[in-house]
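The structure under discussion appears below in the form of structure tokens.
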Amino acid sequence: MTRRLLLAAALATPVQAQLPGAAVDVLDYRFELALSDQDDEIDGRALIAFRVLRPVSEVVFDLDDPAQGSAVEAGGKAGEGRPAGGMVVSSVTLAGQALGFRQQDDRLFVVLDRGAAAGERRRIEIRYRGVPADGFTIGTNRHGERTFFADNWPNRAHHWLPVVDHPSDKAHVAFVVTAPSHYQVVATGAFVEAVDLGDGLRRTEWRSRAPVATKVMAVGVARFVRHRQAMVDGVPVETWVYPQDRDVGLRAFAPAARVVGTFERRLGDYPYTKLFNVQTTTRWGGLENAGNVFYDEDAIDSENGIETLIAHEIAHQWFGDSVTESDWLHVWLSEGLATYLTACYLDWTYGRGRFMGQMDAARERVFRYLDQAPDSVIVPESVPDPRRLLSPNVYQKAAWVLHMLRGEIGDGTFWKGMRTYYERFRDRNASTDDFAAVMEEVSGRRLDWFFDQWLRRPGVPELEIEWEFDTESS
Numbered sequence: 061m062t063r064r065l066l067l068a069a070a071l072a073t074p075v076q077a078q079l080p081g082a083a084v085d086v087l088d089y090r091f092e093l094a095l096s097d098q099d100d101e102i103d104g105r106a107l108i109a110f111r112v113l114r115p116v117s118e119v120v121f122d123l124d125d126p127a128q129g130s131a132v133e134a135g136g137k138a139g140e141g142r143p144a145g146g147m148v149v150s151s152v153t154l155a156g157q158a159l160g161f162r163q164q165d166d167r168l169f170v171v172l173d174r175g176a177a178a179g180e181r182r183r184i185e186i187r188y189r190g191v192p193a194d195g196f197t198i199g200t201n202r203h204g205e206r207t208f209f210a211d212n213w214p215n216r217a218h219h220w221l222p223v224v225d226h227p228s229d230k231a232h233v234a235f236v237v238t239a240p241s242h243y244q245v246v247a248t249g250a251f252v253e254a255v256d257l258g259d260g261l262r263r264t265e266w267r268s269r270a271p272v273a274t275k276v277m278a279v280g281v282a283r284f285v286r287h288r289q290a291m292v293d294g295v296p297v298e299t300w301v302y303p304q305d306r307d308v309g310l311r312a313f314a315p316a317a318r319v320v321g322t323f324e325r326r327l328g329d330y331p332y333t334k335l336f337n338v339q340t341t342t343r344w345g346g347l348e349n350a351g352n353v354f355y356d357e358d359a360i361d362s363e364n365g366i367e368t369l370i371a372h373e374i375a376h377q378w379f380g381d382s383v384t385e386s387d388w389l390h391v392w393l394s395e396g397l398a399t400y401l402t403a404c405y406l407d408w409t410y411g412r413g414r415f416m417g418q419m420d421a422a423r424e425r426v427f428r429y430l431d432q433a434p435d436s437v438i439v440p441e442s443v444p445d446p447r448r449l450l451s452p453n454v455y456q457k458a459a460w461v462l463h464m465l466r467g468e469i470g471d472g473t474f475w476k477g478m479r480t481y482y483e484r485f486r487d488r489n490a491s492t493d494d495f496a497a498v499m500e501e502v503s504g505r506r507l508d509w510f511f512d513q514w515l516r517r518p519g520v521p522e523l524e525i526e527w528e529f530d531t532e533s534s
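Take the position in the sequence shown, starting the count at 1, then add 60; the result is the number in our numbering.
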């Protein structure tokens, strides 16, 4: 994920970090969503398959409720009398039988009449509707055309989807979107079908073949021009841009296929069935949704091109998306690795000068940041809001830590460690300790001293130099 401005996250409305739903492990989501041009309300049906982790009589999902959103809107797009900024659940069922439920404090509590033992599996259906307060942006693009875009990072999916909104609970997902037929729909996973329903409506389905975290689940609905740039080892690399931006968009995203191929050679197979680069209204400069990178709609206008932005977001497909941090405290495993891999891509593609230029700029950003926050660390002990972790610490300083680690254990060992880390934790979660353990394994050395001083302690390297001049020997 790439920020437009460093302060954007810090100044945003705080988001309480959700803890994992300790009682359940979600296995599969199926979201059936109906969208309209008449208002901003979504009509949703969610099918959620989960495994029970401990004996329970009640399970809990994250879902924004109207009491937590704004008051009932008196007019405007949402329509009079409809909730603005909240999802209203109308029913929850299990095998056709109604279940008791309540919505409270951005949670949906579902009563399992007969309870459930550890290891048992359940599949419930939730019917709901409402106007998303966040996480799913319904508005107009820079050409004044109506668009619908998911924008879930870090934990904003629950504003429009009933989920366990934490990176530690990854699941397969299907999106089945019914929308006016003049739109194209892109979403997480592989394309399943598009069916014209009549009355100007089309139903489009995409389904993932790998589990993903809610933060990188995505849906985009707009008028698009779709262009297949290349096939890279069987993976389609495509550009999706607004029709008015076709030519400039195709030029801007042209480096994507080369980036995918370069990272595959160094890291291992690309983890998903596709790589689509999509022009959107995301609040971020780039957002690494799994298989669908969403870019700020104005990014394509950059006079200097966006190859480094593309490289950063594609690097996330390996680290951040496929290998996902187990908790927000370890977000450097996503952002730091993507930042360093971007610099490495420039090295492999254009030479050492570009690499050092990128790393020098990173170092200067770290120094400027530490002047403001000298006691900050890369891996803190706790975090009340995951967005407040976004700083040069987890991007640029973490990239330098990786570069120092590479120097410490050697080039070949470092890249062996990166490949091993990806292979071992692909489609899973990992922590800082997991990453460190892999690097210790491949190097045959204890590295706790290294990770402790650079990740959990503040500051930067300081050199003390003493010299003396011997006039006689000169």
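Glycine included, every Cβ here is placed at the ideal spot set by N, Cα and C. As the structure is a computational prediction, the values presented were derived from the model and not from experiment.
- Message: Please report the straight-line C-alpha distance between Val29 and Leu168, rounded to a whole angstrom.
- Response: Here the chain comprises residues numbered 61 to 534, so residue 29 is not present and cannot be evaluated.
- Item | Inter-residue spacing [alpha-carbon to alpha-carbon] between Val297 and Asp356 | Here residue 297 refers to the residue found at position 237 when the sequence shown is read from its first residue. Here residue 356 refers to the residue found at position 296 when the sequence shown is read from its first residue. About 19 angstroms.
- Which of helix, strand or coil DSSP assigns to Ile469: Taking the first residue of the sequence shown as 1, we reach residue 469 at position 409. The answer is helix: DSSP assigns Ile469 an H, G or I state.
- Item | Where Asp407 sits in the DSSP three-state scheme | Working through the sequence shown from its first residue, we reach residue 407 at position 347. In the structure shown, Asp407 sits in a helix (DSSP, three-state: H, G or I).
- Task: Give the DSSP-derived three-state secondary structure of His232 in the structure shown.
- Result: Here residue 232 refers to the residue found at position 172 when the sequence shown is read from its first residue. Note: His232 maps to strand in three-state DSSP.
- Message: Taking the alpha-carbon of Leu462 as reference, which of Leu159, Met291 and Cys404 has the nearest alpha-carbon?
- Response: Taking the first residue of the sequence shown as 1, we reach residue 462 at position 402. With distances taken between Cα atoms, Leu462 lies closest to Cys404.
- Message: Give me the DSSP bridge partner(s) of Thr197.
- Response: Reading the sequence shown from its first residue, position 137 is the one you call residue 197. Answer by DSSP bridge pairing, in chain order: Phe209.
- Query: Quick one, which of Gly145, Ser451, Gln244 and Glu253 has its alpha-carbon nearest Val285's?
  - Reply: In the sequence shown, counting from the first residue as 1, residue 285 sits at position 225. Nearest C-alpha to Val285: Gln244.
- Query: Does DSSP put Arg300 in a helix, in a strand, or in coil?
  - Reply: Within the sequence shown, residue 300 is the residue found at index 240, counting from 1. Note that residue 300 is Trp in the sequence shown here, rather than Arg. Strand.
- Message: To test your reading of the DSSP string, which unbroken beta strand (DSSP E) runs of 3 or more residues are found completely within the stretch 450-505?
- Response: 488-490
- Item | Beta-ladder partner(s) of Pro240, from DSSP | As a working mapping, residue 240 is identified with position 180 in the sequence shown. Answer is Leu261.
- Task: Report the residue ranges of all alpha helix (DSSP H) runs contained in full by the stretch 316-353; include only those spanning at least 4 residues, in chain order.
- Result: 316-327
- Using the C-alpha atoms, what's the distance from Glu324 back to Thr333? Position 273 of the sequence shown, counting from 1, holds the residue named residue 333. Position 264 of the sequence shown, counting from 1, holds the residue named residue 324. Each residue's alpha carbon lies about 14 angstroms from the other.
- Proximity winner among Ser362, Ala433, His376 and Arg105, relative to Glu92 (alpha-carbon distances): Here residue 92 corresponds to residue number 32 of the sequence shown, with the count starting at 1. For Glu92, the nearest C-alpha among the options comes from Arg105.
- Query: How is the beta strand (DSSP E) around Met419 delimited, first residue to last?
  - Reply: For the purposes of this step, residue 419 is taken as residue 359 along the sequence shown, with counting starting at 1. Per DSSP, Met419 belongs to no beta strand (DSSP E); it is in the alpha helix (DSSP H), Arg412 to Gln432.
- Item | Meets three-Cβ-pair contact criterion under 8 angstroms: the stretch 297-315 and the stretch 341-350 | no
- Query: Near Ala217, which residues of its chain fall below 6 angstroms by C-beta distance, leaving aside the five closest residues on each side in sequence?
  - Reply: The count along the sequence shown starts at 1 and reaches residue 217 at position 157. Result list for Ala217: Gly195, Val223, Asp225 and Thr274, in chain order.
- Item | Phe169 - DSSP class collapsed to helix/strand/coil | Residue mapping note: residue 169 aligns to position 109 of the sequence shown, counting from 1. Strand, per DSSP.
- Message: Quick check on this structure: which residue in Thr399, Val119 and Arg318 has the alpha carbon closest to the alpha carbon of Asp293?
- Response: Reading the sequence shown from its first residue, position 233 is the one you call residue 293. That would be Arg318, whose Cα lies nearest to the Cα of Asp293.
- Item | Whether Tyr188 touches Val237 by CB criterion (7 angstroms) | Sequence index remark: in the sequence shown, residue 188 carries index 128 (1-based). Sequence index remark: in the sequence shown, residue 237 carries index 177 (1-based). No.
- Item | Selected residue, minimal CA-CA separation from Ala250, among Trp266, Arg517 and Val116 | Taking the first residue of the sequence shown as position 1, residue 250 is located at position 190. If we check each option's Cα against that of Ala250, Trp266 comes out closest.
- Message: Considering only DSSP beta bridges, list what His287 is partnered with.
- Response: Here the question's residue 287 lines up with position 227 in the sequence shown. BP columns for His287 point to Thr299.
- Based on the DSSP secondary-structure assignment, which residues constitute the bridge partners of Ala247? Taking the sequence shown and counting its residues from 1, the one referred to as residue 247 is at position 187. Beta-bridge pairing links Ala247 to Val279.
- Item | Contact under 7 angstroms by Cβ, Ala231 with Leu107 | Taking the sequence shown and counting its residues from 1, the one referred to as residue 231 is at position 171. Taking the sequence shown and counting its residues from 1, the one referred to as residue 107 is at position 47. The answer is no: Cβ separation not under 7 angstroms.
- Message: Which same chain residues end up closer than 6 angstroms to Trp514 when comparing Cβ atoms and leaving out the 5 residues on each side of it in sequence?
- Response: Numbered from 1 along the sequence shown, position 454 holds the residue referred to as residue 514. Within the same chain, Trp514 has close Cβ partners Val461.
- One or two residues paired with Ile186 in a DSSP bridge: For the purposes of this step, residue 186 is taken as the residue at position 126 of the sequence shown. For Ile186, which the question treats as bridged, DSSP gives the partners Ala106 and Val152.
- Item | Own chain residues within Cβ distance below 7 angstroms of Arg114, not counting five before or after | The residue labelled residue 114 in the question sits at position 54 within the sequence shown. Excluding residues within five positions, the ones whose Cβ falls inside 7 angstroms are Ala83 and Ala178.
- Task: Quick one: using the 10 Å Cβ neighbour count with 16 as the cut-off for buried, is Trp509 buried or exposed?
- Result: Here residue 509 refers to the residue found at position 449 when the sequence shown is read from its first residue. Exposed, since its Cβ has fewer than 16 Cβ neighbours within 10 Å.
- Item | Assigned secondary structure, Ala94 (DSSP; H/G/I helix, E/B strand, else coil) | For the purposes of this step, residue 94 is taken as residue 34 along the sequence shown, with counting starting at 1. In this structure, Ala94 counts as strand in the three-state DSSP scheme.
- Message: Am I right that Val391 and Val454 are in contact with their C-beta atoms under 8 angstroms? What's the rounded C-beta distance?
- Response: Counting from 1 along the sequence shown, the entry for residue 391 is found at position 331. Counting from 1 along the sequence shown, the entry for residue 454 is found at position 394. 5 angstroms between Cβ atoms; contact.
- Message: For Asn364, count the other beta carbons within 10 Å of its own beta carbon; 16 or more makes it buried, fewer makes it exposed. Which is it?
- Response: Numbered from 1 along the sequence shown, position 304 holds the residue referred to as residue 364. Exposed.
- Alpha carbon to alpha carbon, what distance is there between Asp211 and Leu321? Within the sequence shown, the letter at position 261 stands for residue 321. Within the sequence shown, the letter at position 151 stands for residue 211. Position check: residue 321 holds Gly in this sequence, whereas Leu was assumed. So the two alpha carbons sit approximately 27 angstroms from each other.
- C-beta atoms of Pro100 and Ile198 nearer than 7 angstroms: Against the sequence shown, residue 100 aligns to sequence position 40. Against the sequence shown, residue 198 aligns to sequence position 138. Per the sequence shown, the amino acid found at residue 100 is Asp instead of Pro. Against a cut-off of 7 angstroms, the Cβ pair of Ile198 and Asp100 comes out as a contact.
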